[in-house]
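Now the structure itself:
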């Protein structure tokens, strides 16, 4: 297949490739964002369990640990007013800031069972380290990387904990990755099949032409020209018979398509008016133009003085086109007209 054909095939697949990349990028953002959000929730759950395990807030309300963890808890005076005098919230808050269990929740080794307090983060093992980073860019890039990595590997490098929602999230990543790979493989298969079908058609066409040239015993220089013409024709039409394609379309649609295809010819035409009994082409003179009759009548006369009428829709001077197609690569010059053409107004 010619190089141009390959380029066209790849250009046709650009939209599909961009669509696949867009879905892959979008899914990576969604998975990474969900991982970061769920990771923050798991860190918050670890801190609550650590606070409850440490028993720092005796005689306080059940929300004391939540108020100690929440960054938007308000001033200490406001917090103390919510508890009775038996609750030493200020002392508990001071101890909580230096609590080893709280520090363990913000470390990567929080799941170490040898410590007094352990929490299994599962697939959110890196979440405590990321949530401590002040840079939003670092958190965004790492979460996006995590999403791309898990989609690409189908979460094969992750071991979830026994937390149900974490297991379901991992299953969703695996299913999403399989779906994306199935769509990608399907698109690639369709593209390769289409490319292979065109290539097979070209090979069959080339084989038939070679057999025909061998059967007709064409000389080598003609064979080279036929092969070159076949390559150019295939590159221009991609093996599609335009006439056969158009004949199956409605007539109004055929007219619209032909009007679009021949718009450039319309730009080259010039309207001209001829008076009665004026000669457009003299017999024996070179042909310089083709004339399309839009309104009125014309008369052509051959060497034997036989007249042929021409009316609206007829063309004169088409010999110029035929001669040019046959001799453009061999001879430069003008074709002599063997007819005399005169104009007569429509009666």
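Numbering (this note's numbering), first residue to last: 196 to 542. Note that the Cβ used here is the ideal one computed from N, Cα and C, for glycine as well. The structure displayed is predicted, hence computed values, not measured ones.
Across the structure, residue 492 and residue 411 are spaced so that their CA atoms are roughly 47 Å apart.
Residue 478 sits in coil when the DSSP states are folded into three classes, being neither helix nor strand.
Beta-bridge partners assigned by DSSP to residue 510: 487. For residue 500, the secondary structure class from DSSP, reduced to helix, strand or coil, is coil.
Residue 338 sits in a helix when the DSSP states are folded into three classes.
Proximity of the segment 236 to 243 to the segment 365 to 385 falls short of the contact definition, fewer than three beta-carbon pairs being nearer than 8 Å. In the pairwise beta carbon analysis, the segment 345 to 356 is classified as touching the segment 311 to 328: at least three pairs are separated by under 8 Å.
If you draw a straight line from the Cα of residue 406 to the Cα of residue 446, it is about 38 Å long. Of the residues assessed, residue 384 falls on the exposed side of the cut-off, its CB having fewer than 16 other CB atoms within 10 angstroms.
By the beta-carbon neighbour count (other beta carbons within 10 angstroms, threshold 16), residue 302 is exposed. In summary, residue 226 is buried, with 16 or more beta-carbon neighbours lying within 10 Å of its beta-carbon over all protein chains present.
Judged by pairs of C-beta atoms under 8 Å, the segment 414 to 427 does not touch the segment 451 to 460, as fewer than three such pairs exist. Per DSSP, residue 444 lies in no alpha helix (DSSP H) and is assigned neither H nor E.
In the same chain as residue 244, and ignoring 5 residues on each side of it, the C-beta atoms closer than 7 Å to its own belong to 314, in chain order. Between the alpha carbons of residue 264 and residue 251 lies a gap of roughly 13 Å. Around the Cβ of residue 364, a 10 Å sphere holds 16 or more other Cβ atoms; the residue is buried. Annotation: residue 468 is outside any alpha helix (DSSP H) and is labelled neither H nor E by DSSP.
Distance from the CA of residue 371 to the CA of residue 393, rounded to the nearest whole angstrom, comes to 33 Å. Rounded to the nearest whole angstrom, the C-alpha separation of residue 340 and residue 217 is 16 Å. Each of 342, 214, 246 and 259 was checked against the Cα of residue 233, and the nearest Cα belongs to 342. Rounded to the nearest angstrom, the gap between the Cα atoms of residue 291 and residue 360 is 29 Å. Residue 480 sits exposed, since fewer than 16 C-beta atoms from the chains shown fall within 10 Å of its C-beta.
Following the DSSP letters along the chain, one finds residue 420 inside the alpha helix (DSSP H) bounded by residues 415 to 432. Annotated three-state conformation of residue 240 is helix, per DSSP. According to the DSSP secondary-structure assignment, residue 375 is paired through a beta bridge with no residue.
Burial of residue 231 is indicated by the presence of at least 16 other C-beta atoms within 10 angstroms of its C-beta. DSSP places residue 221 in the helix class (H, G or I) of the three-state scheme. DSSP, reduced to helix, strand and coil, places residue 505 within a strand of the structure shown.
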